[in-house]
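Residue numbers (mature numbering (1 follows the signal peptide of the UniProt record, and there is no 0)): -18 to -1, 1 to 347.
Don't be surprised by glycine CBs; every beta carbon is placed ideally from N, CA and C.
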Amino acid sequence: MRIAIIMLAALLSLPLAADTLTLKPGHPQTYVVKKGDTLWDISALFLDDPWRWPTLWGANPQIANPHLIYPGDRLNLVYLDGQPRLVRKPMKRMSPQMDVQQKGGAIPALPLSMIEPYLSFQQILGEKALADTPQVIGGERDAVRYAKGDVVFINERLPLGEKFGIYMLARRFVDPDTKEFLGQEALMTATGRVIESGTVSRIELLSMRQEVKTGHRVMALEDDLLLPAYMMPTAAPHGADGRVIASDAMVREIGPLEVAIINRGSEDGAAAGQVYAISKEGTEVVEQGDGEFVQPEDRRAYDEMVATLSDGRTIKQPEVYRGELMLFKTYDRVSLGLIVNGRHPVRLLDVLSRPEPLVFGSDSD
């Protein structure tokens, strides 16, 4: 009976232990937010696991919207019920009309310079959007490519005077495990305004990133494109998994402050601000007839034949922690994330999971 009570008490203490923060050695007691800071930067001043920012900041009673922190804010480290918390000290005023320091815009979770191009100039279309999106079908000028000032024809009725983005189709994303279609990348080539609305509409091209061609897609320009940048870092949910399926630069290795694309989208519970641990998946090695262990693809032909007739000893390698990724843009089946912490280069097909402090702390490589 006594053992059962002890076990129950230990289980009940787990959520509390999970919320207990350990501050980084050498952390400041006070920090004044500067222009160019990010939530991730500030959290990393105080925590080895910056994705635990909501716990450090969550008990703050002074701010209605915890996402928004501004240059000039003074953050003080205090202890509430024995736990460290950051609180914001109200700005001092020289007079009722004047602040000591003029505030700028709220600081983002991640560097805007790194993620803005993906928020402003890239879309990923699902099957329905791909089928339904209007297309450029030609132009007034006899040409294969169209430039600023040209008028192009669109195969649908569009609202007169409205501004649109024009996009070229690029990569197709397929789930590496199920082979399902996840989405088609669309990159902005131009913007334009509807100057004639009809069964075939006309758009005058206003600004260019690349030349426009027949087949390019036409999509409304979204308001508040940078809104996803003002999110709160938080750990991915329990049970979340997935893989890195592509990189921005279309290379096999991805480093810190580079963008990765994963096979989890809003339909899978992915959301901007979620942080995932990235690991190299443990692979199996097999024993040859001479007792030497090799990768399965390196087995000799004879041993390959023998392996089909016997159970052959295999050993699975442990996973290797690569780093962390924070999502900043989600679509239906895929999401974009920035590598915010890299211990080793991230590679395509690396696996994703919820970050765990104990796992990170135990890996000393």
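- Look at Tyr212 here: in three-state DSSP terms it is coil, with no helix or strand label.
- For Asp332, the closest C-alpha among the options Asp314, Gly18, Leu151 and Arg234 is that of Arg234.
- By alpha-carbon distance to Ala152, the top candidate from Phe163, Leu169 and Glu138 is Leu169.
- Counting along the chain, no beta strand (DSSP E) covers Ile89, and no H or E run does either.
- Pairwise C-beta distances place the segment 114 to 126 in contact with the segment 189 to 201, as three or more of them are shorter than 8 Å.
- Annotation for Glu109: no beta strand (DSSP E) segment contains it, though the alpha helix (DSSP H) segment containing it runs Glu109 to Asp114.
- Each of Thr20, Glu186, Ser102 and Arg225 was checked against the Cα of Gly131, and the nearest Cα belongs to Glu186.
- A straight line joining the alpha-carbon of Ser189 with that of Ser261 spans about 42 Å.
- Boundaries of the beta strand (DSSP E) harbouring Thr171: Phe163 to Glu178, taken from the DSSP string.
- Per the C-alpha coordinates, the member of Arg336, Tyr61, Trp39 and Leu62 positioned closest to Ile51 is Trp39.
- Just measuring C-alpha positions, the residue of Val322, Asp63, Glu263 and Leu318 sitting nearest Arg329 is Glu263.
- With distances taken between CA atoms, Leu57 lies nearest to Gln11 out of Thr296, Gln11 and Gly237.
- When DSSP states are grouped into helix, strand and coil, Met232 belongs to the coil group.
- In the three-state reduction of the DSSP assignment, Tyr100 falls in the helix class, which pools H, G and I.
- Ranking Leu208, Glu167 and Val316 by CA distance to the CA of Arg154 puts Glu167 first.
- By the criterion of a C-beta distance shorter than 7 Å, Tyr13 is surrounded in its chain by Ile24, Leu27 and Leu57, once the five residues flanking it on both sides are discounted.
- Thr37 sits in a helix when the DSSP states are folded into three classes.
- Annotated three-state conformation of Ala26 is helix, per DSSP.
- In the structure shown, Leu21 adopts helical secondary structure according to DSSP, grouped into three states.
- 8 Å or more divides the Cβ of Ile106 from the Cβ of Leu320.
- The residues Leu142 and Arg184, in chain order, have a CB closer than 8 Å to that of Glu178 in the same chain once the five nearest residues on each side in sequence are set aside.
- Of Val60, Arg315, Leu29 and Phe310, the smallest CA-CA separation from Leu5 is found for Leu29.
- Residues Gln105, Ala168, Leu169, Met170, Thr171, His198, Arg199, Val200 and Met201 of the same chain have their beta carbon placed closer than 8 Å to that of Tyr149, with the five preceding and five following residues left out of the count.
- Around the CB of Lys110, fewer than 16 other CB atoms lie within 10 Å, so the residue is classed as exposed.
- Counting of Cβ neighbours within 10 angstroms places Met214 among the buried residues, the total reaching 16 or more.
- Setting aside the 5 residues that flank it on each side, Leu140 is surrounded in the same chain by Pro116, Phe146, Val176, Ser179, Ser183, Ile185 and Val200, each with a C-beta closer than 8 Å to its C-beta; the list follows chain order.
- Bounds of the alpha helix (DSSP H) holding Pro339 are Pro339 to Ser344.
- Rounded to whole angstroms, Gly120 and Pro99 show a C-alpha spacing of 27 Å.
- In the structure shown, Pro66 falls within a strand segment according to DSSP collapsed to helix, strand and coil.
- Taking the Cα of Val322 as reference, the smallest distance to any Cα among Arg295, Gln256, Lys195 and Val134 is reached at Gln256.
- Residue pairing by DSSP leaves Ile227 without any beta bridge partner.
- Per DSSP, the continuous beta strand (DSSP E) segment holding Tyr13 begins and ends at Thr12 to Val14.
- In the three-state scheme derived from DSSP, where H, G and I count as helix and E and B as strand, Glu249 is classed as helix.
- Pairing Pro300 with His326, the inter-Cα distance amounts to about 15 Å.
- Contact between Gly247 and Thr312 holds, since their C-beta atoms are separated by about 6 Å, short of 8 Å.
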